[in-house]
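> Residue numbers (the working numbering): 66 to 312. The C-beta atom is built at its ideal place from N, Cα and C for all residues, glycine as well.
This is how it looks when you write it as structure tokens:
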């Protein structure tokens, strides 16, 4: 089926920039697959985060407040990007990006892993299967993931970064056998909660639907508007206080 791209709505581009004209929207792509055998570069989390950080630096970001709106594994990459950026010299392009980050929205991000990775272990589905780096990273037993979770919570709290975590309220169909659909929680509440900031469960949405609002009135979109306007308001107040202090 051919999709008519002229009528395709991409809400970050088509809605947000209309509702908040001062906003600049950038999209960051990354490679992710289930298996090492599938066509993807199979980069590590550190490599993916560094590549995204390089892209933001090349685009000249860092002079205005930055907010990340992420889905699933993209949230893990964004968290690692923040920590990498803050490890850089404050005057470097990467360091300026780190200091400009003001907020995160996590749609279904598996902060403490996903139970679905258990079903993807070679001992379960066959010894020939080789999980990708992303799948291995999301194993709930992964100590690096636990460390990232702890470090992000500490940094977000210390720097007063605005965080909203959004969890799926419905199971996702993952397979169909003999006409019977099998459903699962891809990212349960206990993992979807970043451990800092606000936590919301959307009862109407499964994992893929979390970041797909059908219209501007849908809560999946209105919470983004509220979040961004809160960031803008806080920034304006901060600038006013600095200006008054300078007189």
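If you measure between the beta carbons of residue 261 and residue 222, is that distance less than 7 Å?
Stepping through the chain shown from its first residue, residue 261 is reached at position 196. Stepping through the chain shown from its first residue, residue 222 is reached at position 157. Yes, they are a contact pair.
> What is the DSSP secondary structure of residue 182, reduced to helix, strand or coil?
One-based indexing of the chain shown puts residue 182 at position 117. Three-state DSSP puts residue 182 in a helix.
> Please report how far the alpha carbon of residue 215 lies from the alpha carbon of residue 169, in whole angstroms.
Looking up residue 215 in the chain shown gives position 150. Looking up residue 169 in the chain shown gives position 104. The alpha-carbon atoms of residue 215 and residue 169 are separated by roughly 16 Å.
> Pick helix, strand or coil for residue 209, following the three-state DSSP scheme.
Numbered from 1 along the chain shown, position 144 holds the residue referred to as residue 209. Residue 209 falls in the helix class under three-state DSSP.
> Hey, residue 81 and residue 74: beta-carbon distance below 7 Å or not?
If you number the chain shown from 1, residue 81 lands on position 16. If you number the chain shown from 1, residue 74 lands on position 9. Cβ distance not < 7 Å, so residue 81 and residue 74 don't count as in contact.
> Any idea if residue 178 is buried or exposed, counting beta-carbon neighbours within 10 angstroms, 16 or more meaning buried?
Numbered from its first residue, the chain shown carries residue 178 at position 113. So residue 178 ends up on the buried side.
> Assess contact between the segment 135-147 and the segment 158-176, defined as three or more Cβ pairs (one per stretch) separated by less than 8 Å. Is contact present?
Flag = yes, the segment 135-147 and the segment 158-176 touch.
> Just checking, does the segment 272-287 make contact with the segment 145-161 on the three C-beta pairs under 8 Å criterion?
No, the segment 272-287 is not in contact with the segment 145-161.
> Below 7 Å between beta carbons: does that hold for residue 118 and residue 150?
Taking the chain shown and counting its residues from 1, one reaches residue 118 at position 53. Taking the chain shown and counting its residues from 1, one reaches residue 150 at position 85. Yes, the Cβ-Cβ distance between residue 118 and residue 150 is below 7 Å.
> Buried or exposed, going by whether 16 or more other CB atoms sit within 10 Å of the CB of residue 191?
As a working mapping, residue 191 is identified with position 126 in the chain shown. In this prediction, residue 191 scores a pLDDT of 43, lower than 50, which makes its location untrustworthy; the coordinate-derived value is nonetheless stated afterwards. The residue is exposed, with fewer than 16 neighbouring Cβ atoms inside 10 Å.
> Counting contacts by CB-CB distance shorter than 7 Å, is residue 150 in contact with chain B?
Absent from the structure: chain B. Only one protein chain is present.
> Run through DSSP, which three-state label would residue 93 get?
Within the chain shown, the letter at position 28 stands for residue 93. Three-state DSSP puts residue 93 in coil, outside helix and strand.
> Taking the alpha carbon of residue 201 as the reference point, which residue from 271, 110, 212 and 219 has its own alpha carbon closest?
The count along the chain shown starts at 1 and reaches residue 201 at position 136. Checking every option, the nearest Cα to that of residue 201 belongs to 110.
> Less than 7 Å separating the beta-carbons of residue 246 and residue 238?
Position 181 of the chain shown, counting from 1, holds the residue named residue 246. Position 173 of the chain shown, counting from 1, holds the residue named residue 238. Result yes, Cβ atoms of residue 246 and residue 238 sit closer than 7 Å.
> If you drop the 5 nearest sequence neighbours on each side, which residues of the same chain put their C-beta closer than 7 Å to that of residue 124?
Mapped onto the chain shown, residue 124 falls at position 59. Around residue 124: 91.
> For the putative contact between residue 158 and residue 127, defined by C-beta atoms under 8 Å, what is the C-beta separation to the nearest angstrom?
Against the chain shown, residue 158 aligns to sequence position 93. Against the chain shown, residue 127 aligns to sequence position 62. Between residue 127 and residue 158 the Cβ distance is about 6 Å, and since that is below 8 Å, they are a contact.
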